[in-house]
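Asks: Here's a structure for you.
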Amino acid sequence: MNKPHLLMTKLVMLLTVVLLLGGCFLGNLKEGPNISEEMISRIKPGETTKKEIIEWFGPPQNYISPGVFNQILRELDVTKEPPLYYSFANILSYQFTQGKVRGIFLLVFTYAEADLRTDHLVVFIDDNDRVEYYGFKKGTAELR
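Numbers given in the working numbering equal positions in the sequence shown, counted from 1, plus 503.
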């Protein structure tokens, strides 16, 4: 075999390996419980109970007691005024994230892009274990 032919064969093999090592990827991401807008429409401040919220949406991803915030503010001495005392007993927080991921990877170059959107539901519970008020933001509707 002559040298130019051997060099060309090696070059073709190297190019083939580089092309085989490269690729692209697409993916979908979903994290957390799906927050049903139908169930949100059933939430009635002063009537809906904490138990119903947990039955409808499952266990909260975050459960926050305002007393914890007050304790942190007192211990860290971060405010000059006395800490706020909240009218609600606790907070239930739900989050559903959905997204699309895509990218390309080559031997010497990689590019990835993610488009993530989140729905947030925050429910404030009073001392009688009833919904005092709540907030919902639908972010996944903006997903392209």
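The beta carbon of each residue, even a glycine, is placed where N, CA and C say it ideally should be.
The model shown is predicted, which means the values in this text are computed figures rather than measured ones.
How many angstroms separate the CA atom of Val626 from the CA atom of Leu517?
Replies: 59 Å
Asks: Does the pairing of the stretch 602-613 with the stretch 515-530 give three or more beta-carbon distances under 8 Å?
Replies: These segments touch.
Asks: Can you tell me whether DSSP reads Leu517 as helix, strand or coil?
Replies: helix
Asks: According to the neighbour-count rule (16 or more other Cβ atoms, all chains shown, within 10 Å of its Cβ), is Pro562 buried or exposed?
Replies: exposed
Asks: Closest to Leu523 by C-alpha separation, out of Glu635, Leu610, Arg620 and Tyr637, would be which residue?
Replies: Leu610
Asks: To which residues of the same chain is Ile538 closer than 6 Å at the C-beta, ignoring the five residues directly before and after it?
Replies: Tyr597, Phe599, Asp622 and Leu624
Asks: Once DSSP output is grouped into helix, strand and coil, what is the label at Ile546?
Replies: coil
Asks: Taking Ala644 as the reference, which of Leu619, Ile628 and Gly525 has the closest Cα?
Replies: Leu619
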